[in-house]
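These protein sequence lines map, in sequence, to chains A and B. In this text, residue positions in the first sequence follow this note's numbering: the first is -3, and each later residue adds one. In this text, residue positions in the second sequence follow this note's numbering: the first is -3, and each later residue adds one.
Number of protein chains: 2
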Amino acid sequence: MAYIAVLGHGVVGSGVLEVLTIHTESIAKRAKERIEVKRILDLREFPGLAYSGCFTKDFADILSDAEIGIVVECMGGLHPAYDYVRACLENGKSVVTSNKELVAEKGAELLALAQKNNLNFLFEASVGGGIPIIRPISQCLAANEVSEIAGILNGTTNFILTKMIREHMDFSQALKLAQELGYAERDPSADVEGTDACRKICILASLAFGTHVYPNCVYTEGITGVTLEDVDFADVWGGVIKLIGSVKRLENGQVHIMVCPMFVHRGSQLASVDDVFNGILVRGDVTGDVVFYGKGAGKLPTASAVVADVIDCVKHMAARKYLFWEDAKPGFVADPNVAEVTAYVRASAETGDAAFTAAQEIFGGENVKRLLANTPKPEEAGFVVDGETEASLAEKLGALAARGVRVESRIRISDY
Amino acid sequence: MAYIAVLGHGVVGSGVLEVLTIHTESIAKRAKERIEVKRILDLREFPGLAYSGCFTKDFADILSDAEIGIVVECMGGLHPAYDYVRACLENGKSVVTSNKELVAEKGAELLALAQKNNLNFLFEASVGGGIPIIRPISQCLAANEVSEIAGILNGTTNFILTKMIREHMDFSQALKLAQELGYAERDPSADVEGTDACRKICILASLAFGTHVYPNCVYTEGITGVTLEDVDFADVWGGVIKLIGSVKRLENGQVHIMVCPMFVHRGSQLASVDDVFNGILVRGDVTGDVVFYGKGAGKLPTASAVVADVIDCVKHMAARKYLFWEDAKPGFVADPNVAEVTAYVRASAETGDAAFTAAQEIFGGENVKRLLANTPKPEEAGFVVDGETEASLAEKLGALAARGVRVESRIRISDY
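As structure tokens, this is what we get:
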């Protein structure tokens, strides 16, 4: 019998209990051992459940219980989750977590601690919910050098963008609907500002490239500025707007990492990832492009990824899994300003023609291609600018503004 | 140092050598040990290679070498691959293979032998080439009950269908192009008749449902009968034709397994899997639909999956991986004739209207919906038939033929 404890009986934590209950027999068969939840930490009361007797409000009850070999952390947030997880790893307990903030902010430290104490620290559920992605990157693609990862990593924003694209809702209408359906929180900023996607691409980057990338080092732009006009121009260009977290290894050994809305060509596998689904493209030097698609969030998909980690943990109590990356090092994350960029720009002036003429003069005629909107506004022009760096693009957009042309939008164009 | 041997220096075998050479350092880091190819079995001569000295024509050189702990089988075909793999597993050597025929025909037996001798028998490369699929199903989805798997499992036929759909080549033109590009063999029957896809869905079914399904138990239909008229009707219906291998668990515990061309709706993730790419949808009771996409074949993608297995093997020389299924049992595979089916039918008579009227009389007017072709032929009608079993559909198509209506095509319609 393998005894585990669950920290937090919220959406994911209660889902873990549910999955363990529904599939008790098949999980025991797969883990080669029965798994029993001995303790659940939550400050709230949950009377009337089959396992109500397991609850405790005191973490010490779990930490001091030598029978508990695996602790599942589903509290979310950095504190006290971090403190508890550290304590577990310092006291001989392996940890499974779904907490992307914890892994993105403290992954290197916790992995080092787990390694030192010959324990497991697993977090399949922290990225892509129920989509297997952490393990495939670390194992199946082990014979590859990953050159690039790009993903639709946040279901809430993808739902909003899908509604904007398919049903022509504007951003605030689509956000309201997402909130009504329970896909977005009352304070939606972590989703719509890109923070959540940023944590996830940090985890994937750290895993794929072996060096921790912290969220505060990553240029992050959300989708609050995306308008229906932009959606229309993306359509004319031949694609859709998606919030993409991406990381790419550069020839000099640095990584270019970024979260921002992007034009994605209709032919791309990522373009057809709609609604609350996630899709993650991993580009390997020998496998080429591999894409993983599925529900990126939700109680049961996320819980199933947690339980898969628990099963793996039970099977490897003796032999530690080799999931590891080094701590961050200076200069590993490239300055985003030097990156080359192709971007769509929407600008307005007295007339769209005047705006476009000014753009041609500033960028050089051959570097600007005009897009003709399906439903044009007389004062606006949309165009694609090529051959700039992030810095030179920003500078030239400044020059455009200085000439009285209003830059309404600037959205990068992806190459996958 | 972990010593391995490679059986067969063909496309995949030489790719394994290439991947191990390109990524020697990173692979050693991931495996926590250096991996050296000590012997390569091939009857041909390969002078002038860095590793030409490793070749042998005598399998006994490998079998008797106690230093060799892992044997990589890339010969393909059933004999002598099966005999060599058995001998390895009987003599303390773990085996990694890319040979889908071997796994589909002998998987249960070889897994049992590996288990008995506490060795690994791994075959990630046997399905989906470089796409991680065997390990995600066995590990990441361990907390799920898989209810259904459906995949585009053969790149050659997908390339041919893509050319038919996009460029309106007919089947034989597209096949010829595939042969010229090296995607199809001179004798293309294993691909175009569905044999290759059948082996792969057998492996996935065995893995997901724990009981071996042999290829000769699987109803298999290839794409040789698919015409441009069918492609046109699929377009009108709202989708594309794909060769799908599928397996579904029924409520009575049996599985419904089949390989056949199908109409796939344009909104499906499988519809956008084009050219030589593969896509595999895994439906789990708690994760929902997860889709894996990538290059299903090719030297380096396949080799990278083989090498990932080798790395896993090196890391688990002591602790065996739990990959296992039972041997086949009678009645596990459901009689395909009792399955319910929705199908597209193309029929011709003196006029299309006459053909359709006959169909309405035989199937009942409410169960038949006519499709209007983009480029109609006056003597043909295309329609969708609902509410039949495979048996009753076949019977009624027979009745249609008996009334002088020629059934030109019958293609099943998928629900994913």
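Ideal Cβ positions, reconstructed from N, Cα and C, are used throughout, including at glycine.
For residue i, go through chain A and note every residue whose CB falls closer than 9 Å to its CB, in chain order.
| i | result |
| --- | --- |
| B/Gly126 | Cys136, Leu137, Asn140, Gly280, Val282, Thr283, Gly284 and Val286 |
| B/Arg131 | Pro128, Arg131, Pro132, Gln135 and Cys136 |
Since residue i meets chain A, which of its residues come closer than 8 Å, beta carbon to beta carbon?
| i | result |
| --- | --- |
| B/Ser300 | Leu137, Ala139, Asn140, Gly280, Val282 and Thr283 |
| B/Val15 | Ala139 and Val282 |
| B/Val303 | Ala138 and Ala139 |
Identify the continuous beta strand (DSSP E) that holds residue i and give its terminal residues.
| i | result |
| --- | --- |
| A/Ser344 | Glu336 to Ser344 |
| A/Arg195 | Per DSSP, A/Arg195 belongs to no beta strand (DSSP E); it is in the alpha helix (DSSP H), Thr191 to Phe205. |
| B/Cys256 | Val251 to His261 |
| A/Thr468 | Since the first and last residues shown for chain A are -3 and 412, residue 468 of chain A lies out of range. |
| B/Val68 | Ile64 to Glu69 |
| A/Leu277 | Phe273 to Gly280 |
| B/Lys325 | Per DSSP, B/Lys325 belongs to no beta strand (DSSP E) and is neither H nor E. |
| B/Gly284 | Gly284 to Lys291 |
| B/Tyr(-1) | Ala(-2) to Leu3 |
| A/Ser90 | Ser90 to Thr93 |
| A/Gly72 | First-last for A/Gly72: undefined, no H or E at that position. |
| B/Ser242 | Gly235 to Arg245 |
Since residue i and residue j should fall inside the 8 Å C-beta cutoff, what is the C-beta to C-beta distance between them, to a whole number of angstroms?
| i | j | result |
| --- | --- | --- |
| A/Ser255 | A/Ile197 | The residue asked about is misnamed: residue 255 of chain A is Val in this sequence, not Ser. So it is a contact: roughly 6 Å between Cβ atoms. |
| A/Val92 | A/Asp305 | 4 Å |
| A/Ala343 | A/Ala377 | 6 Å |
| A/Lys96 | A/Gly65 | No, A/Lys96 and A/Gly65 are not in contact; Cβ-Cβ is about 24 Å, not under 8 Å. |
| A/Trp321 | A/Ser168 | With a Cβ gap of about 39 Å, A/Trp321 and A/Ser168 do not count as contacting. |
| B/Tyr7 | B/Lys295 | Note that residue 7 of chain B corresponds to Val in the displayed sequence, not to Tyr. With 8 Å as the limit, B/Val7 and B/Lys295 qualify as a contact, their Cβ atoms being about 5 Å apart. |
| B/Met(-3) | B/Glu41 | Actually they are not in contact, since the Cβ atoms of B/Met(-3) and B/Glu41 sit about 27 Å apart, beyond 8 Å. |
| B/Ile36 | B/Val2 | 5 Å |
| A/Asp152 | A/Ala180 | One point to set straight first is that residue 152 of chain A is Thr, not Asp, in the sequence displayed. Right, the Cβ-Cβ distance comes to about 5 Å (below 8 Å), so this counts as a contact. |
Where do the N-terminal and C-terminal ends of the alpha helix (DSSP H) with residue i fall, by residue?
| i | result |
| --- | --- |
| B/Cys84 | Ala77 to Glu86 |
| A/Gly9 | Val7 to Ile18 |
| A/Asp305 | Lys295 to Lys311 |
| B/Leu109 | Lys96 to Lys112 |
| B/Val188 | Ser185 to Val188 |
In angstroms, rounded to a whole number, what distance separates the CA positions of residue i and residue j?
| i | j | result |
| --- | --- | --- |
| B/Leu277 | B/Ser94 | 21 Å |
| A/Lys238 | A/Asp228 | 13 Å |
| B/Asp54 | B/Leu16 | 23 Å |
| A/Val232 | A/Thr216 | 26 Å |
| B/Thr347 | B/Leu368 | 14 Å |
| A/Ala170 | A/Ile156 | 5 Å |
| B/His75 | B/Ala335 | 35 Å |
| A/Arg279 | B/Gly290 | 10 Å |
| A/Gly241 | A/Gly147 | 5 Å |
| A/Ala186 | A/Gly4 | 20 Å |
| B/Ile161 | B/Glu404 | 19 Å |
| A/Ala387 | A/Asn333 | 5 Å |
| A/Arg402 | B/Leu266 | 42 Å |
| A/Glu225 | B/Ala350 | 50 Å |
| A/Glu21 | B/Asn140 | 12 Å |
| A/Ile0 | B/Ser300 | 36 Å |
| A/Val329 | A/Glu69 | 29 Å |
| B/Val260 | B/Glu144 | 16 Å |
| B/Val209 | B/Leu107 | 14 Å |
Can you pull the chain B residues whose beta carbon is under 7 Å from the beta carbon of residue i, in chain order?
| i | result |
| --- | --- |
| A/His208 | By Cβ distance, chain B contributes nothing, its closest Cβ being about 17 Å from A/His208, past 7 Å. |
| A/Lys291 | Thr283 and Gly284 |
| A/Ser22 | Glu141 |
| A/His19 | Ala139 and Glu141 |
| A/Ser344 | Per Cβ cutoff of 7 Å: no residues; A/Ser344 is ~35 Å from chain B at best. |
| A/Glu120 | Cys136 |
What does residue i touch in chain B if you count any residue whose Cβ is under 8 Å from its own?
| i | result |
| --- | --- |
| A/Pro372 | Ordered by position in chain B, no residue passes the 8 Å Cβ test against A/Pro372, which lies about 28 Å from the chain. |
| A/Arg402 | Here the premise fails: no neighbours, minimum Cβ distance about 37 Å. |
So residue i contacts chain A; which residues on that side make the cut at Cβ distance below 7 Å?
| i | result |
| --- | --- |
| B/Leu296 | Val282 |
| B/Arg26 | Ala138 |
| B/Gln265 | Ser268 and Tyr289 |
Starting from residue i, find everything on chain B with Cβ-Cβ shorter than 9 Å and list it in chain order.
| i | result |
| --- | --- |
| A/Ser90 | Ordered by position in chain B, no residue passes the 9 Å Cβ test against A/Ser90, which lies about 15 Å from the chain. |
| A/Ile307 | Gln135, Ala138 and Ala139 |
Exercise for review: Taking only runs that begin and end inside the segment 21 to 59 of chain B, name each unbroken beta strand (DSSP E) of 3 or more residues, in chain order.
Suggested key: 31 to 37
Check your understanding: Which runs of the alpha helix (DSSP H) spanning at least 4 residues fall entirely within the segment 342 to 408 of chain A, listed in chain order?
Key -> 348 to 359 and 386 to 398
Review point. Along the chain, which unbroken stretches of the beta strand (DSSP E) at least 3 residues long are found entirely within the segment 123 to 176 of chain A?
Key: 142 to 148
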